[in-house]
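Single-structure report; data block below.
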Amino acid sequence: ICGLGASYTTQAQELARDAAGLGAAGLLVFPIPAYGGQPLDPEIPYAYHAAIAEVTDTPLVLFQLQASLGGVLFDDETLGRLVGIPSVVAIKEASFDATRFIAMRNALRRLRPIAFLTGNDNFILESFVLGATGALIGMAAIATRQQVDMVRAYQAGDVARAQQLSEQLAPLIEAVFGRPPVRNYRARIKEGLVMQGIIPTATVRPPLLPVSPEEREDVRRALLSLGVLTPVAA
Numbered sequence: 002i003c004g005l006g007a008s009y010t011t012q013a014q015e016l017a018r019d020a021a022g023l024g025a026a027g028l029l030v031f032p033i034p035a036y037g038g039q040p041l042d043p044e045i046p047y048a049y050h051a052a053i054a055e056v057t058d059t060p061l062v063l064f065q066l067q068a069s070l071g072g073v074l075f076d077d078e079t080l081g082r083l084v085g086i087p088s089v090v091a092i093k094e095a096s097f098d099a100t101r102f103i104a105m106r107n108a109l110r111r112l113r114p115i116a117f118l119t120g121n122d123n124f125i126l127e128s129f130v131l132g133a134t135g136a137l138i139g140m141a142a143i144a145t146r147q148q149v150d151m152v153r154a155y156q157a158g159d160v161a162r163a164q165q166l167s168e169q170l171a172p173l174i175e176a177v178f179g180r181p182p183v184r185n186y187r188a189r190i191k192e193g194l195v196m197q198g199i200i201p202t203a204t205v206r207p208p209l210l211p212v213s214p215e216e217r218e219d220v221r222r223a224l225l226s227l228g229v230l231t232p233v234a235a
């Protein structure tokens with residue numbers, strides 16, 4: 002799935018065509034600046050997604066993201082119009098709010114049962130308990146195996162094992178997503194990947210800033226507790 006982040010409609014159409022030509026299996030349609038301000042006219046996100054659908058048959062994934070991270074929360078009217086677009090096959094729900102997550106699940110059951118993907122890194126296992134059919138999360142870039150094992154255990158009916166893995170992952174999730182500002186999760190994940198020798202540098206593009214020594218140490222300790230790092234390697 003390729004992220005489709007644009008500033009306006011014609012740019013999104015161009016990027017969608019490019020991604021499709023390069024073999025993208027799906028397009029995660031990121032929120033755009035025009036969504037800013039409340040109330041949001043349902044015609045704006047509908048017209049944006051419909052225009053993308055006009056230029057490619059590539060399946061589209063809607064993206065509900067909390068406003069503090071630059072996103073938008075879709076009301077029922079807007080959601081109803083969006084799921085009416087035939088090429089919309091899924092939604093990534095990333096409100097970081099379990100109540101809103103459940104409301105979205107219920108709305109989709111009434112409207113059209115598309116794939117329901119959690120984007121809530123702070124309650125991954127709980128998302129599946131509440132009805133998620135998959136996950137599309139930044140947290141999956143680090144400690145991936147443990148998260149896959151957790152989800153597979155739950156899907157196999159081994160709830161105790163899934164809960165055990167969830168509890169083991171909790172310190173790392175807290176280190177990456179728990180400390181404000183949440184937008185620094187990218188840099189924190191990169192620090193963890195450097196510690197594991199997966200990438201060579203944790204450099205982020207300006208104007209984002211490097212993590213603080215305290216943030217870096219939180220990530221290191223969490224990786225140690227998870228058994229992903231050895232004390233010598235750390």
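Residue numbers for the sequence shown, in our numbering: 2 to 235. Even glycine gets a Cβ: it sits at the ideal position worked out from N, Cα and C. Since the model is a prediction, treat every value here as computed from it, not as a measurement.
Spatial distance of residue i from residue j (CA atoms)
i              : j              : result
alanine 235    : valine 212     : Low confidence applies here, because alanine 235 scores a pLDDT of 48, under 50, leaving its location unreliable; read the following figure in that light. Going by the C-alpha atoms only, they are around 17 Å apart.
glutamate 15   : isoleucine 45  : 18 Å
isoleucine 115 : leucine 83     : 11 Å
leucine 227    : isoleucine 174 : 11 Å
valine 30      : arginine 222   : 35 Å
alanine 17     : isoleucine 53  : 7 Å
arginine 206   : arginine 189   : 13 Å
alanine 136    : alanine 144    : 15 Å
aspartate 76   : valine 89      : 17 Å
threonine 10   : leucine 63     : 15 Å
tyrosine 36    : proline 232    : 47 Å
alanine 133    : alanine 157    : 15 Å
aspartate 159  : valine 152     : 10 Å
arginine 214   : alanine 99     : First, the residue type needs correcting, since residue 214 is proline and not arginine in the sequence shown. Cα to Cα, the separation comes out at about 31 Å.
Extent of the continuous alpha helix (DSSP H) run through residue i
i              : result
glycine 81     : 77 to 84
glutamine 148  : 145 to 156
threonine 59   : No alpha helix (DSSP H) holds threonine 59; DSSP gives it neither H nor E.
leucine 227    : 214 to 227
alanine 161    : 160 to 174
glycine 22     : 10 to 22
isoleucine 199 : Looking at the DSSP string, isoleucine 199 is not in any alpha helix (DSSP H), and its letter there is neither H nor E.
asparagine 107 : 99 to 112
Cutoff 8 Å: residue i Cβ touching any chain D Cβ
i            : result
arginine 206 : Looking for chain D here will not work: only one protein chain is present.
C-beta contact flag for residue i and residue j at 8 Å
i              : j            : result
leucine 28     : leucine 5    : yes
methionine 148 : leucine 170  : Contrary to the premise, residue 148 reads as glutamine rather than methionine in this sequence. Result yes, Cβ atoms of glutamine 148 and leucine 170 sit closer than 8 Å.
leucine 70     : arginine 184 : yes
leucine 66     : proline 43   : no
Assigned secondary structure, residue i (DSSP; H/G/I helix, E/B strand, else coil)
i            : result
alanine 234  : A caution first: alanine 234 carries a pLDDT of 48, below 50, which makes its placement in the model unreliable, though a value can still be read off. In this structure, alanine 234 counts as coil in the three-state DSSP scheme.
leucine 194  : helix
alanine 136  : strand
glycine 66   : Per the sequence presented here, residue 66 reads as leucine, with glycine not at that position. Looking at leucine 66 - three-state DSSP - the assignment turns out to be strand.
arginine 206 : coil
Residue i - containing beta strand (DSSP E), residue span
i            : result
glutamate 94 : 89 to 95
glycine 30   : Just to set this straight, residue 30 is valine in the shown sequence, not glycine. Start and end: 28 to 30.
alanine 116  : 116 to 119
leucine 5    : 3 to 5
Near the ligand ZN: residue i beta-carbon under 7 Å from a heavy atom
i          : result
valine 160 : In the structure shown, the ligand ZN is absent, as is every other ligand, since no ligand is present at all.
Can you find at least 3 beta carbon pairs, one from the stretch 160 to 171 and one from the stretch 184 to 195, that sit closer than 8 Å?
no
Is it the case that the stretch 90 to 97 contacts the stretch 114 to 133, given that we only count it when at least three CB pairs across the two stretches are under 8 Å?
yes
Measuring CB atoms only, is the stretch 48 to 67 touching the stretch 16 to 24, in the sense that at least three cross pairs come out at less than 8 Å?
yes
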